[in-house]
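Mind the numbering: the sequence shown is residues 10 to 802 in our numbering, read in order.
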Amino acid sequence: MESLYAAIQNGADAIYLGGKMFSARQYANNFSDEELKKAVEYAHIRNVKVYVTVNILIDDKEMEETLNYIRYLYDIDVDGLIIQDLGLAYLIRKVFPDFELHGSTQMTVNNLPGAIFLQRLGFNRVVLAREVPIDEIKHIQDNSDIQLEGFIHGALCVCYSGQCLMSSILGGRSGNRGRCAQPCRMPYSLVDYESKSEIFSSWNNKHLLSPRDLNTLDYIDEIINSGVISLKIEGRMKKPEYVATVVKNYRKVLEYGKESITHKDRDDITQIFNRGFTKGYMLGAFGREIISYDRPDNRGVLVGKVIKIDKNDVYIEFFQDVEKGDGVEFETYNGDRIGIVLDFKGEKGKVTKITNIPNILLNSDVYRTSSESLLKRARESYEQENIKYPIYMKVYISIGRPAMLYLTYENINIEVQSDNLVEKAKKISLTKERILEQLSKLNDTVYYPVDIQIELDEDAFMSISDINKLRRDAIDQLNNIRKNKNNRKPISNEEYEFLINKHLNLTNRVVKGKNKVSVSVKNKKQFEQLNLSKLDRIYIGFEDSLKDVLHKVKEKNIETYLMTDRILHRKGLEILKEKIIDIGDLLDGISVSNIGTFKFIKDNFDKNIHGEIGLNIFNSYTIELLKNFGIKGITLSPELNMKQIKNIKKLDGILYESIGYGYIPLMITKHCPIALVKNCHNDKNCDICHYNKGYGLRDRKGIDFYMDRSKGCTTIYNSVPLMILDHIHQIYNNGIDMIRLDFTFENEGIKEIQEIYYDYANNRIDREIVEKFIQNYRSKKHITKGHYFRGVI
């Protein structure tokens with residue numbers, strides 16, 4: 010609650026926060042149900058809106074509980090919901106049609122068609138992907154009616170939000186379920202993937218994936234002019250003092266312009282927390298401007314230098330004053346850092362000795378990581394009520410009648426009367442001055458009196474406690490009206506149960522077709538290794554000799570789908586359109602990984618559309634929604650386990666596919682780790698760069714992850730392939746129509762893998778042959794069964 014107070018008292022117009030369940034920051038100090046109710050009341054009487062995050066993927070078994078939770082949020086007058094899961098959004102629109110919906114940045118909306126798709130689904134606002142450049146934001150704003158929200162300050166994800174499986178696949182803690190373990194903050198080295206030798210040794214064990222913190226204080230005008238109507242500060246999992254400091258300064262720049270921001274204001278924002286700052290992809294940053302490669306944590310502010318060491322005594326020259334209670338950090342000679350809290354005051358320009366600090370590096374910089382005076386100022390900013398609204402009062406005190414108090418705030422009129430009748434004074438009668446004094450006692454409220462009119466009978470008397478109660482009753486009535494900002498009509502239990510039963514109960518199809526096998530290939534060499542007589546569908550993800558390849562496939566009467574890129578901005582969509590126009594007659598369908606690409610294809614072509622893993626299809630209701638919008642087939646999220654797959658309803662008219670082999674993409678990012686070494690300032694030359702293929706990252710355990718750079722995105726793949734060959738019949742028996750084999754950067758063994766999957770799927774070989782194949786395969790490399798038998802938390 011303290012962070013909420015800090016944000017509101019320092020000028021926030023709205024708060025977004027998470028409850029104990031279904032939030033993408035499950036490790037934050039989230040709000041209990043009772044705290045949520047109090048938060049809404051506190052915010053509403055201060056004219057601040059509250060948006061609750063329900064921005065994780067929801068499986069079928071959780072959906073009813075999630076809707077019950079949303080009903081509670083609806084009933085306590087939460088202003089809106091921030092949603093990731095398409096199926097959940099679909100159901101909310103059915104059950105709570107007037108509940109405001111915001112598309113989470115986890116939805117990866119990065120283009121105009123994606124924004125329009127959410128608009129037509131009934132979303133009021135979309136939080137755009139952080140990678141969307143400012144000219145594209147302007148294009149989206151000019152051509153849609155949905156409200157746009159953008160991040161302006163705080164922690165960044167290096168991956169496109171919603172497209173990261175790194176924490177999930179490596180440790181079972183899914184970012185799409187609010188449990189990210191932040192492996193991106195760990196150190197990595199660069200490797201030649203084929204030779205396994207490390208390259209660029211001076212960059213070994215650097216934080217190659219750890220972003221700086223976003224800071225756009227100097228660019229607010231440009232962001233607002235692009236059409237963003239809501240400026241988002243990432244304040245969850247931060248201290249209240251951080252929230253207070255950052256909100257205060259952004260409110261200041263909004264009210265008075267960036268010229269009002271002083272050097273001290275900037276120092277405060279830097280001091281309160283920073284990993285180094287970036288203006289972000291939105292404003293054109295790239296490479297070293299984005300990544301904090303030396304360290305992933307709070308840097309603090311440079312305040313001094315170690316100029317002398319005498320055994321364990323350290324002599325520091327301070328560049329600015331430091332205070333007792335400040336936290337400072339030193340570098341040791343082995344590269345570690347030691348922090349202490351000062352028990353003295355240090356002055357700028359003077360040398361100060363600190364005793365008994367071993368292993369400190371001579372001539373190293375000293376950073377202040379916390380400022381006691383800044384923390385104190387921040388706390389003072391929200392420990393008292395700073396928000397006041399004008400009210401008007403008129404009181405009638407007539408002998409023999411109840412006292413009447415009329416209170417007016419904006420267009421709200423309140424009328425209260427005293428419990429007791431006004432009496433004739435026996436000794437001392439009331440005075441207008443005393444009544445004025447009592448009615449003006451509003452310091453513990455958010456109001457101040459502009460005018461108090463008093464009509465008082467001569468010799469009238471009522472107790473001071475009665476006057477105070479009159480005032481309190483009027484304020485309570487006013488607050489109760491203002492708390493219920495949205496004035497919603499409650500949903501009865503009978504109506505709610507009817508809606509839940511109607512929309513949650515889907516019907517399974519009666520008949521499942523034959524077991525099918527599909528293959529996706531990333532280059533022509535992989536395609537040339539395929540046995541085209543042993544596959545049912547192929548996804549083509551390359552352009553080299555594309556027409557010739559498509560003709561060969563067509564001759565074999567194999568379903569052919571074009572695999573589109575995971576991320577496509579406006580220019581990429583237009584290039585895709587030209588390509589499909591050129592080869593469309595040779596395609597049976599198009600596979601899409603993004604709701605924007607889906608909308609674009611649907612609007613421009615009469616083709617079958619298949620939904621990819623980038624759509625995060627986690628439940629039956631997402632599938633029903635996509636089916637209603639025209640999708641013919643889907644690939645389920647690789648984060649689902651066998652039980653969850655079984656629980657998903659298999660709807661008529663939809664082909665269900667699950668990945669059975671492949672190096673799972675862990676991360677889709679605009680960032681290029683090699684760009685740090687080369688000091689690239691943009692991504693204009695990525696397609697001709699020598700390092701766009703064949704290289705990878707090595708983690709602290711010596712595990713290598715292949716990287717592929719193409720069309721402005723880096724894909725980082727898992728270190729080992731998913732191999733679920735011996736369990737494919739269990740997958741088929743759970744209602745899956747097609748098992749897909751994803752070939753990404755493999756150069757050999759493709760035909761053997763394809764053939765044994767196809768033969769086993771069609772019962773042409775027995776399990777003994779399968780087990781022998783797997784045993785032989787595992788003798789050469791490790792494999793994983795992914796989440797099929799564990800799932801995610």
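Where a beta carbon is used, it is the ideal one built from N, C-alpha and C, also for glycine.
Between residue i and residue j, which are expected to be in contact by the criterion C-beta below 8 Å, what is the C-beta distance as a whole number of angstroms?
i           : j           : result
residue 683 : residue 199 : 7 Å
residue 748 : residue 737 : 5 Å
residue 665 : residue 640 : About 12 Å separates the two Cβ atoms, so there is no contact after all.
residue 769 : residue 734 : 7 Å
residue 31  : residue 54  : Contact doesn't hold; Cβ gap of about 27 Å is too wide.
residue 797 : residue 650 : 6 Å
residue 655 : residue 743 : 4 Å
residue 300 : residue 220 : 6 Å
residue 164 : residue 227 : Not a contact, Cβ separation roughly 19 Å.
residue 617 : residue 597 : 6 Å
residue 239 : residue 158 : 4 Å
residue 304 : residue 216 : 6 Å
residue 508 : residue 104 : 5 Å
Inspect the beta-carbon positions of residue i and residue j and report whether they are closer than 7 Å.
i           : j           : result
residue 413 : residue 393 : no
residue 250 : residue 387 : yes
residue 646 : residue 626 : yes
residue 314 : residue 326 : yes
residue 547 : residue 571 : no
residue 61  : residue 90  : yes
residue 685 : residue 296 : yes
residue 64  : residue 93  : yes
residue 495 : residue 86  : yes
residue 675 : residue 725 : yes
residue 779 : residue 181 : no
residue 670 : residue 585 : no
residue 322 : residue 361 : no
Below 7 Å CB to CB, which residues in the same chain sit around residue i once its five sequence neighbours on both sides are set aside?
i           : result
residue 341 : 347, 368, 369, 370
residue 8   : With the chain covering 10 to 802 only, the question about residue 8 has no answer from this structure.
residue 376 : 308, 309, 310, 311, 312, 337, 338
residue 169 : 117, 138, 140, 576, 677, 678
residue 123 : 603, 604, 605, 608
residue 544 : 526, 527, 528, 567, 763, 767
residue 397 : 455, 456, 457
Could you check the C-alpha separation between residue i and residue j for me, to the nearest Å?
i           : j           : result
residue 142 : residue 229 : 14 Å
residue 605 : residue 174 : 21 Å
residue 134 : residue 357 : 49 Å
residue 421 : residue 483 : 11 Å
residue 254 : residue 449 : 32 Å
residue 28  : residue 765 : 48 Å
residue 493 : residue 417 : 17 Å
residue 782 : residue 794 : 15 Å
residue 1   : residue 48  : Absent from the structure is residue 1, since the part of the chain shown begins at 10 and ends at 802.
residue 469 : residue 430 : 10 Å
residue 248 : residue 379 : 12 Å
residue 582 : residue 720 : 12 Å
residue 746 : residue 212 : 46 Å
residue 320 : residue 711 : 37 Å
residue 243 : residue 109 : 21 Å
residue 330 : residue 359 : 9 Å
Please list, in chain order, all residues of the same chain as residue i whose beta carbon is under 6 Å from its beta carbon, the five residues on each side excluded.
i           : result
residue 703 : 202
residue 403 : 415, 462
residue 282 : 251, 307
residue 629 : 69, 515, 657, 658
residue 14  : 391
Using a Cβ-Cβ cut-off of 8 Å (strictly less than) and excluding sequence neighbours within five positions of residue i, which residues of its own chain qualify?
i           : result
residue 713 : 200, 202, 205, 705, 706, 707, 728
residue 560 : 595
residue 533 : 551, 553, 554, 558
residue 286 : 221, 222, 223, 224, 279
Within 7 Å (strictly less), CB to CB, does residue i reach chain B?
i           : result
residue 249 : The displayed structure is made up of one protein chain only, and chain B is not part of it.
Run through the region 493-526 for me and flag every whole alpha helix (DSSP H) of 4 or more residues, listed as ranges in chain order.
-> Runs found: 502-513.
Return the chain-ordered ranges of every alpha helix (DSSP H) run that is complete within the region 170-211 and spans a minimum of 4 residues.
-> Counting only runs of 4 or more, we get 175-180.
Can you list the alpha helix (DSSP H) stretches of 4 or more residues lying completely in the region 350-429, in chain order?
-> Taking only runs of at least 4 residues, the alpha helix (DSSP H) segments lying wholly in the region 350-429 are 381-392.
Where are the alpha helix (DSSP H) runs, 4 residues long or more, that stay fully inside the region 227-280, in chain order?
-> When DSSP assignments are scanned along the region 227-280, the uninterrupted stretches of alpha helix (DSSP H) that are 4 or more residues long and fall wholly within it turn out to be 229-234, 249-265.
Uninterrupted beta strand (DSSP E) stretches inside the region 722-787 (no shorter than 3 residues) | Listed in chain order, they are 722-726, 747-751.
Along the chain, which unbroken stretches of the beta strand (DSSP E) at least 3 residues long are found entirely within the region 649-717?
-> 664-671, 674-678, 704-707, all fully within the region 649-717.
Sequence ranges, alpha helix (DSSP H) only - wholly within the region 25-85, length at least 4 | For the region 25-85, whole alpha helix (DSSP H) runs of length 4 or above, ordered along the chain, are 42-53, 72-84.
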